[in-house]
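Chemist: So that we are looking at the same thing, I have put the structure below in structure tokens.
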Amino acid sequence: MPKVATVAKIHQKRMAIIWQIPPLYHTMKELHDQQWIQDRVRYILRSNIFGDAELERLRREAIPSSNGNATAGNAAPLDAQQTAYVDAAVNIPFVANSDDDGIVSHELEKMRSILEESMLETRSMPLENRPRLPRIPLSKRNRAVVRALNPMLVTYLEASRDLCETDSILFGAALAVCRIIGAKLPVAGRATQKSSAIPAWRKRIEDRIAKARALIGRLTSFRSGNNRPRIMRTVRMAFAGTNISLFQPDITQKLTERIDDLKQKIAAWGKRIRRFSERSRRFNQNRLFQSDQKRLYKSLERPEVCGAGPGPDQADTVAFWRGLWSEPVNHSEGPWMEVVASQSASVTPMDPVTITPEDVAEAVRRAPNWKSPGLDGLHHYWLKGFVVCHAVLARQFQEALDQKSLPSLFTTGITHLVPKDQDTTDPSKYRPITCLPTIYKTLTPESLVTWS
Numbered sequence: 346m347p348k349v350a351t352v353a354k355i356h357q358k359r360m361a362i363i364w365q366i367p368p369l370y371h372t373m374k375e376l377h378d379q380q381w382i383q384d385r386v387r388y389i390l391r392s393n394i395f396g397d398a399e400l401e402r403l404r405r406e407a408i409p410s411s412n413g414n415a416t417a418g419n420a421a422p423l424d425a426q427q428t429a430y431v432d433a434a435v436n437i438p439f440v441a442n443s444d445d446d447g448i449v450s451h452e453l454e455k456m457r458s459i460l461e462e463s464m465l466e467t468r469s470m471p472l473e474n475r476p477r478l479p480r481i482p483l484s485k486r487n488r489a490v491v492r493a494l495n496p497m498l499v500t501y502l503e504a505s506r507d508l509c510e511t512d513s514i515l516f517g518a519a520l521a522v523c524r525i526i527g528a529k530l531p532v533a534g535r536a537t538q539k540s541s542a543i544p545a546w547r548k549r550i551e552d553r554i555a556k557a558r559a560l561i562g563r564l565t566s567f568r569s570g571n572n573r574p575r576i577m578r579t580v581r582m583a584f585a586g587t588n589i590s591l592f593q594p595d596i597t598q599k600l601t602e603r604i605d606d607l608k609q610k611i612a613a614w615g616k617r618i619r620r621f622s623e624r625s626r627r628f629n630q631n632r633l634f635q636s637d638q639k640r641l642y643k644s645l646e647r648p649e650v651c652g653a654g655p656g657p658d659q660a661d662t663v664a665f666w667r668g669l670w671s672e673p674v675n676h677s678e679g680p681w682m683e684v685v686a687s688q689s690a691s692v693t694p695m696d697p698v699t700i701t702p703e704d705v706a707e708a709v710r711r712a713p714n715w716k717s718p719g720l721d722g723l724h725h726y727w728l729k730g731f732v733v734c735h736a737v738l739a740r741q742f743q744e745a746l747d748q749k750s751l752p753s754l755f756t757t758g759i760t761h762l763v764p765k766d767q768d769t770t771d772p773s774k775y776r777p778i779t780c781l782p783t784i785y786k787t788l789t790p791e792s793l794v795t796w797s
């Protein structure tokens, strides 16, 4: 209790002094002080340092009395301004229902300006020049920022004329969120460095093993009589804090014990890598069994192909796949097709398809957050977060179905070539996997479900 009382007294004195300063926070130079006061008020209210009665007393004491040296005419406006400032600092308008993170009004204005800049930047930007949006942590603060941008997007989405413009608006909003939370974005282009397949925990253990082996080599060299300065410095560091001198009679025995200790650690770390790898393999197989049993059994029968070899020539690859995809094909029109067409003439046409915002929300809800996007670079996470776009997407999906046409953007994807076997130089030995835009993938499954 005495410690709590002391902390409360310190905060009481500091805030009373600050609140008695005249309200001169109308210039950009002093906005930092205003932000600091608001942060302190928010911290006090959340940490429950003072009770309600103590906060009310502080509020009354912070307002200068009109019975002092100032005249009544000058004191009245000052009291009104000071009261309004303290009320604004204490009653901060939160837009997020979070115990840890909130967004105040001045932050909303800053977010609005960042959103406008991102919209202007991405509106005329070619799709291939769009920056690659990173995966952001699913924290309360980030979700609060996404929710705060929803009302700001209404004006942009209402003016959207087609799906391409809606896609550009959503990408600009996602880019604004990344900039607000400070996420790292590539400087230019969509290409990023390929991440290593080795997990971080394995890298850390392997680094320990490499350092231990290097130390064993230095200790063995010193035991053999190598007294070079670099070797001596390493040996001293190895025995630091053990009160062992390098010139004592039993230093050879101490070196042997230290080397044996390091070898045992290396053996233990190696077993840890094998144990963790086995556990990770079992976990991945169990998860794959629940999602795709066929793929699991195929991986057990045939080892996974590693595409670490030299890739095929770019010109040969383009020529091979262009011959399959770009050349027109004349299909044989047999007489049986006329028979099938005559039999299908009496089939009752299906009812018109109506897409509602609830259908869009359900289709987006089932989609993975960070599955590879298409050429537009927009992940499903942003379609889930910006809920105000569901009604606009439903309307524009309906228009596309009625007009029986879609923009070329939604039928253009990014194709990744996955090697089928160890022959990585032959273009025909690759399996093409094309990633289409997430907005198109939102339309397709829900429409198929509705039609069925």
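As numbered in the working numbering, the sequence shown has no gaps in its residue numbers, which increase by one up to the final residue, 797.
Glycine included, every Cβ here is placed at the ideal spot set by N, Cα and C.
In this text the structure is predicted, and so the values were computed from the model without any measurement.
(1) If distances are taken between C-alpha atoms only, which option among Ala585, Ile618, Leu564 and Asn571 comes closest to Ile604?
(2) Tell me Leu762's beta-bridge partners as DSSP assigns them.
(3) Using the Cβ count rule (16 or more neighbours within 10 Å means buried), how would you classify Gly722?
(4) Apart from the five residues just before and just after Leu607, which ones in its own chain have a Cβ nearer than 7 angstroms to its Cβ?
(5) Let me confirm a value: Arg512 is counted as buried when at least 16 other C-beta atoms fall within 10 Å, else exposed. Which label applies?
(6) So is Thr783 buried or exposed if we call it buried at 16+ other beta carbons inside 10 Å?
(7) Determine, using beta carbons only, whether Lys774 and Lys786 come nearer to each other than 8 angstroms.
(8) Could you give the uninterrupted runs of the beta strand (DSSP E) lying entirely in the segment 594-624, keeping only those of 3 residues or more?
(9) Taking just the CA atoms, how far does Ile618 sit from Ile611?
(10) Exposed or buried, which one is His724 when buried takes at least 16 other CB atoms within 10 Å?
(11) Taking the C-alpha atoms as reference points, what is the distance between Ile481 and Arg402?
(12) So Ile778 and Leu720 are in contact, right, with Cβ under 8 angstroms, and what is the actual spacing, rounded?
(13) By Cβ distance, which residues of its chain are closer than 7 angstroms to Ala429, with the 5 residues on each side in sequence left out?
(14) Return helix, strand or coil for Pro772, following the three-state DSSP convention.
(15) Pro680: buried (16+ other C-beta within 10 angstroms of its C-beta) or exposed?
(16) Report the residue from Ala489, Gln767 and Arg624 whose alpha carbon sits nearest the alpha carbon of Arg547.
(17) With respect to the alpha helix (DSSP H) encompassing Lys639, which residues constitute its N-terminal and C-terminal limits?
(18) How many angstroms separate the CA atom of Gln748 from the CA atom of Ala504?
(19) Return the residue from the list Gly656, Ser750, Ala660 and Ala736 that minimises the CA-CA distance to Gln767.
(20) My guess is that Val698 and Lys729 are in contact by the Cβ rule of under 8 angstroms, so how many angstroms apart are they, rounded?
(21) For Ser590, does the count of other Cβ atoms within 10 angstroms reach 16, so buried, or fall short, so exposed?
(22) Report the rounded CA-to-CA distance for Asn572 versus Val580, giving the unit in angstroms.
(23) Do the segment 522-530 and the segment 736-750 meet, that is, are 3 or more Cβ pairs less than 8 angstroms apart?
Modeler: With the given structure in hand:
(1) Measuring from the Cα of Ile604, the nearest candidate turns out to be Leu564.
(2) According to DSSP, Leu762 shares a beta bridge with Pro777.
(3) Within 10 angstroms of the beta-carbon of Gly722 lie 16 or more other beta-carbons, which makes it buried.
(4) Within the same chain, Cβ atoms closer than 7 angstroms to the Cβ of Leu607 are found at Ala557, Leu560 and Ile561, the five residues on either side in sequence being excluded.
(5) According to the sequence provided, residue 512 is Asp. The question's Arg does not apply to it. With 16 or more other Cβ atoms from the protein chains shown falling within 10 Å of its own Cβ, Asp512 counts as buried.
(6) It counts as buried.
(7) No, the Cβ-Cβ distance between Lys774 and Lys786 is not below 8 angstroms.
(8) Counting only runs of 3 or more, we get nothing.
(9) In a straight line, the C-alpha of Ile611 is about 11 angstroms away from that of Ile618.
(10) The residue in question, His724, is buried, as its Cβ has 16 or more Cβ neighbours within 10 Å.
(11) If you take the alpha carbons of Ile481 and Arg402, they lie about 43 angstroms apart.
(12) The C-beta separation of Ile778 from Leu720 comes to about 14 angstroms, leaving the pair out of contact by the 8 angstroms criterion.
(13) A caution first: Ala429 carries a pLDDT of 37, below 50, which makes its placement in the model too unreliable to give a value.
(14) When secondary structure is reduced to three states using DSSP, Pro772 falls in the helix class.
(15) Burial call: exposed.
(16) Per the Cα distances, Arg624.
(17) Taken as a continuous stretch (DSSP letters only), the alpha helix (DSSP H) holding Lys639 covers Gln638 to Glu646.
(18) The C-alpha of Ala504 is placed about 20 angstroms away from the C-alpha of Gln748.
(19) By alpha-carbon distance to Gln767, the top candidate from Gly656, Ser750, Ala660 and Ala736 is Gly656.
(20) Actually they do not touch by this definition, with Cβ atoms about 23 angstroms apart.
(21) Around the beta-carbon of Ser590, fewer than 16 other beta-carbon atoms lie within 10 Å, marking it exposed.
(22) Rounded to the nearest angstrom, the two C-alpha atoms are 10 angstroms apart.
(23) Judged by Cβ distances under 8 angstroms, the segment 522-530 makes no contact with the segment 736-750, as fewer than three pairs qualify.
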